[in-house]
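Below is one structure, written out as C-alpha cells, with a few remarks after it.
Next up, the structure:
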C-alpha cells in the first residue's frame with residue numbers, strides 16, 4: 004500500500020503508475036521533484052528545479068498539479084510540446100489518478116482560423132495564385148468540420164503558407180463582439196474553455212503576451228491561477244525580452260495600410276479620404292527600408308541615425324502614419340472595422356514615437372533588417388524588475404523547470420536574469436548512467452576557433468568518429484556559415500545520407516534522419532534543443548564551438564556594459580553562464596533513454612586551454628573523457 008498523503012509514493016514502485024502503465028520505471032528523482040512541486044503550490048513559493056534528461060519531470064509536476072485542487076497553468080517552450088502535453092501526457096496521468104478535472108489547451112490567436120477573415124478572403128479569392136486558391140479550398144472544407152479551428156490540424160496547408168496570415172486574426176484586426184461570426188469564434192471558444200478549466204496548457208509566447216498586457220492594464224486572456232509551472236524555463240529570459248519590448252515593423256505598417264483600405268469597402272466616401280494617406284504610408288515604409296538597406300542586419304539605434312537620410316525618412320514615416328490616423332479618426336464611428344484600424348494607427352504611432360525618440364536609460368533601442376522589411380525596438384535593459392512585478396501581481400506559486408538551468412550546480416545566473424530573490428532550488432541528476440553509456444572525445448591539435456580554416460579542421464577531426472560510428476550523428480554548429488561550409492566539405496567525403504538544416508522543414512529532416520539509420524544531420528541553433536532521437540539512429544553528437552552569443556546583438560552589448568558599470572565582469576558574469584546553459588542543451592541530444600550509447604565530440608580547444616573551460620566541463624554530466632581516437636573506436640566495437 005502507498006501512503007495517500009505522500010505524492011512521491013504515487014510514482015513509486017508500489018504506486019498506481021507502476022501498476023497501470025507498461026514500462027513505467029520508478030525514479031527517486033522524479034518522486035523528489037513531485038514532493039517539491041506539491042510543497043511549492045501549497046505554500047505559494049518560487050521553485051527552480053533542474054531535472055536532468057530522463058528524470059520524468061513532466062509527470063513530476065503534472066501529478067501534484069492535478070491533485071492540488073488549485074487552478075494551475077502549465078506553460079511549455081513550443082506549440083509542439085504543448086500538443087504533446089495536452090493530447091498524450093495529461094490524459095495518461097488523469098486516467099491513472101482517476102482525477103476529475105477540466106483541462107484546456109490555449110494558443111495564441113494566430114493559431115486559430117478566423118471565420119470573418121476567411122469569409123473576406125473567399126470574397127477576394129479571384130486575386131489568389133493557383134496554389135493558394137487550392138489551399139483556400141482546403142481551408143474552407145476543413146472549416147466546416149473542425150471543432151477547435153487549430154491550424155495544426157490541417158497538415159495539407161504548409162505552416163509557412165502566406166495564406167494563413169489572411170485567414171487568422173491579430174489583436175489589432177479582430178472586430179471583437181461586433182464581428183458577425185463572434186458566436187462561433189474559435190479564439191473565443193478556446194478562451195472560454197480556459198476560463199472554466201482547472202488545468203490550462205499554454206506556451207511561453209502566449210503566457211508572456213498575456214502577462215505583459217495585464218501589466219499595461221488592457222485585461223487578461225488567461226484565467227487567474229494559483230500556480231504557474233514553466234517547463235523549458237531556460238527559454239524565459241530571451242522570450243521575456245521580446246514581450247516587454249515596444250516594437251514597430253514594416254509588416255505591421257503595411258498590414259495596417261491594407262486593412263484600412265479593405266475596411267473602406269461598403270462605407271460611402273471613406274475610400275476617398277483614406278486612399279491618399281494609405282499610399283503615402285506604403286511609400287514611406289518602402290523609402291525607409293531602401294534608406295537603411297546596406298546597414299548590418301541588426302544594430303543599435305544610434306548607428307541607424309548616423310546614416311544620411313535616415314532621420315528624415317523616419318520623421319516622414321511618423322508624419323504620414325499620423326496623417327492616416329487623423330483620416331481614420333473622421334471615419335471611425337462609421338463601422339467597427341474602421342474604428343479598429345484607427346485604434347491600431349494610434350497605437351503604432353505612439354510606439355514609433357517611443358522607439359524613435361531618445362528615451363529613458365532603462366531601454367535599449369535597436370533596429371533589425373528583415374529580408375523584405377525592418378523592425379524597430381525598445382527593449383528593457385533589465386528584465387528582472389518587470390518580471391518580479393509580474394509575479395507579485397499574480398499572488399501565485401511559480402515553478403521553473405528544465406534540464407538546463409544551473410552553471411556548475413549554481414542557479415545564480417538564471418535567478419538574476421528573472422529577478423528571483425532567494426528561490427527554493429532543486430537539482431536532480433539524470434538517472435542515465437553516463438559513465439557507462441557515453442564517452443566525451445576532445446580532439447587534440449585543433450586551432451583557435453577564430454582561425455580561418457577552423458571548420459575544415461573540425462570536419463577533419465570528426466570524420467574518424469563518423470567512420471567508427473558508421474554515421475548516425477548530429478553535427479551541431481554555432482553559425483549557419485560554419486554549417487554550410489561543413490555541408491560542402493562532407494558532400495563528397497562520406498557514404499552516409501546527409502541531412503542539412505535549411506534544405507527541408509525541421510520535422511521532415513528529423514523523420515528522414517531517423518528512417519535512414521545511418522544519417523548525418525547538420526544543424527544550427529534550432530537543433531540544439533527540443534530534438535529527441537532515441538536509439539541507435541543517433542550515436543554521436545559533435546559540437547563545433549562553445550555557443551557564446553553573437554557579439555553583434557545590441558541588447559546583449561548594452562547589458563554587458565551595464566554589468567561592467569555595476570562592477571561585474573560581463574564575460575564571467577553573463578556570457579560564460581549563458582553559453583554553459585546553451586552547451587548543456589546541445590549535449591542533451593545524445594543520451595535520451597537508458598539503452599542509448601554515444602560519443603560526445605567537443606571540438607573547441609578553449610575547454611582545456613582557458614580557465615573558464617573547467618566551468619563548462621564541470622556543468623556537463625560526468626562521463627569518461629579522452630583525446631585518443633582509438634578509445635572512440637573501442638567504444639563502438641563493444
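In our numbering, the protein residues as written are 4 to 641. Virtual Cβ for every residue (Gly too), placed ideally from N, Cα, C. If you're wondering where the values come from, they're calculated on a predicted model, not measured in any experiment.
Cβ neighbours of residue i in the same chain (closer than 6 Å, five flanking residues each side left out)
| i | result |
| --- | --- |
| residue 422 | 387, 390, 391 |
| residue 43 | 50, 400, 402 |
| residue 394 | 401 |
| residue 615 | 579 |
| residue 30 | 59, 434 |
| residue 248 | 380, 382 |
| residue 410 | 416, 580, 583, 622 |
C-alpha distance - residue i paired with residue j, whole-angstrom precision
| i | j | result |
| --- | --- | --- |
| residue 523 | residue 106 | 40 Å |
| residue 587 | residue 52 | 15 Å |
| residue 243 | residue 211 | 7 Å |
| residue 221 | residue 353 | Unreliable positioning characterises residue 221 in this predicted model, as indicated by a pLDDT of 49, which lies under 50. A coordinate reading is not provided. |
| residue 641 | residue 633 | 13 Å |
| residue 473 | residue 462 | 15 Å |
| residue 304 | residue 89 | 42 Å |
| residue 544 | residue 457 | 18 Å |
| residue 4 | residue 104 | In this prediction, residue 4 has a pLDDT of 40, which is less than 50 and means its spatial position is unreliable; what the coordinates show is noted afterwards. Answer to the nearest angstrom: the Cα atoms are 25 Å apart. |
| residue 487 | residue 548 | 15 Å |
| residue 460 | residue 627 | 24 Å |
| residue 2 | residue 74 | Missing from the structure shown is residue 2; the chain here goes from 4 to 641 and no further. |
| residue 630 | residue 447 | 6 Å |
| residue 24 | residue 60 | 16 Å |
| residue 518 | residue 267 | 53 Å |
| residue 318 | residue 310 | 14 Å |
| residue 286 | residue 373 | 17 Å |
| residue 142 | residue 557 | 41 Å |
| residue 408 | residue 190 | 34 Å |
| residue 193 | residue 187 | 11 Å |
| residue 375 | residue 294 | 13 Å |
| residue 173 | residue 208 | 14 Å |
| residue 336 | residue 270 | 11 Å |
Nearest candidate by alpha-carbon position, reference residue i, set the options
| i | options | result |
| --- | --- | --- |
| residue 537 | 576, 477, 528 | 477 |
| residue 493 | 469, 507, 146, 561 | 469 |
| residue 340 | 621, 602, 182, 152 | 182 |
| residue 169 | 347, 124, 610, 144 | 124 |
| residue 72 | 411, 62, 228, 283 | 228 |
| residue 467 | 64, 636, 214, 355 | 636 |
| residue 70 | 383, 56, 312, 45 | 45 |
| residue 306 | 429, 499, 67, 555 | 555 |
| residue 342 | 96, 564, 265 | 265 |
For residue i, three-class secondary structure by DSSP
| i | result |
| --- | --- |
| residue 303 | strand |
| residue 106 | strand |
| residue 221 | Caution applies to residue 221, whose pLDDT of 49 falls short of 50 and renders its modelled position unreliable; the value that the coordinates give is listed next. Residue 221: coil per DSSP, three-state reduction. |
| residue 201 | coil |
| residue 117 | coil |
| residue 182 | coil |
| residue 298 | coil |
| residue 596 | coil |
| residue 572 | coil |
| residue 206 | strand |
| residue 602 | strand |
| residue 366 | strand |
| residue 510 | helix |
| residue 320 | helix |
| residue 343 | helix |
Residues of its chain near residue i, where Cβ-Cβ distance is below 8 Å and the 5 sequence neighbours each way are ignored
| i | result |
| --- | --- |
| residue 529 | 504, 509 |
| residue 154 | 114, 115, 116, 160, 162, 167, 171 |
| residue 259 | 175, 284, 327, 344, 347, 348, 351 |
| residue 582 | 549, 550, 551, 552, 619 |
Cβ shell of residue i (< 7 Å), same chain only, five flanking positions each side left out
| i | result |
| --- | --- |
| residue 605 | 443, 445, 546 |
| residue 131 | 139 |
| residue 119 | 178, 182, 183, 184 |
| residue 330 | 276, 277, 280 |
Residues bridged to residue i (per DSSP)
| i | result |
| --- | --- |
| residue 376 | 373 |
| residue 476 | 523, 543 |
| residue 50 | 402, 427 |
| residue 249 | 381 |
| residue 233 | 78, 403 |
| residue 413 | 410 |
| residue 153 | 115 |
| residue 628 | 443 |
| residue 501 | 523 |
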